[in-house]
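Participant: So that we are looking at the same thing, I have put the structure below in structure tokens.
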Amino acid sequence: ILVLDQGKVAEYDSPDNLLSDTNTIFYGLAKESGIVN
Numbered sequence: 007i008l009v010l011d012q013g014k015v016a017e018y019d020s021p022d023n024l025l026s027d028t029n030t031i032f033y034g035l036a037k038e039s040g041i042v043n
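Mapped onto this note's numbering, the consecutive letters of the sequence shown carry residue numbers 7 to 43.
Set out below in structure tokens:
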């Protein structure tokens, strides 16, 4: 997964790794969309 923030790479890792860290942007997006609790 590649996460951009204002046109720059903010995060780049596997979905499992990004979801395992609650401080990632990707985790926040997944939480907002209801994918994770």
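All C-beta atoms, glycine included, are put in the ideal place defined by N, C-alpha and C.
Are the beta-carbon atoms of Tyr-25 and Glu-17 separated by less than 8 Å?
Facilitator: Looking at the sequence provided, one finds Leu at residue 25 rather than Tyr. Not in contact: Leu-25 and Glu-17 (Cβ atoms no closer than 8 Å).
Participant: Measure the alpha-carbon distance for Ala-36 versus Val-42 and round it to whole angstroms.
Facilitator: Distance between the alpha carbons of Ala-36 and Val-42 is about 6 Å.
Participant: State the DSSP-derived secondary structure class of Asp-11, mapped to helix, strand or coil.
Facilitator: Of the three classes helix, strand and coil, the one that applies to Asp-11 here is strand, per DSSP.
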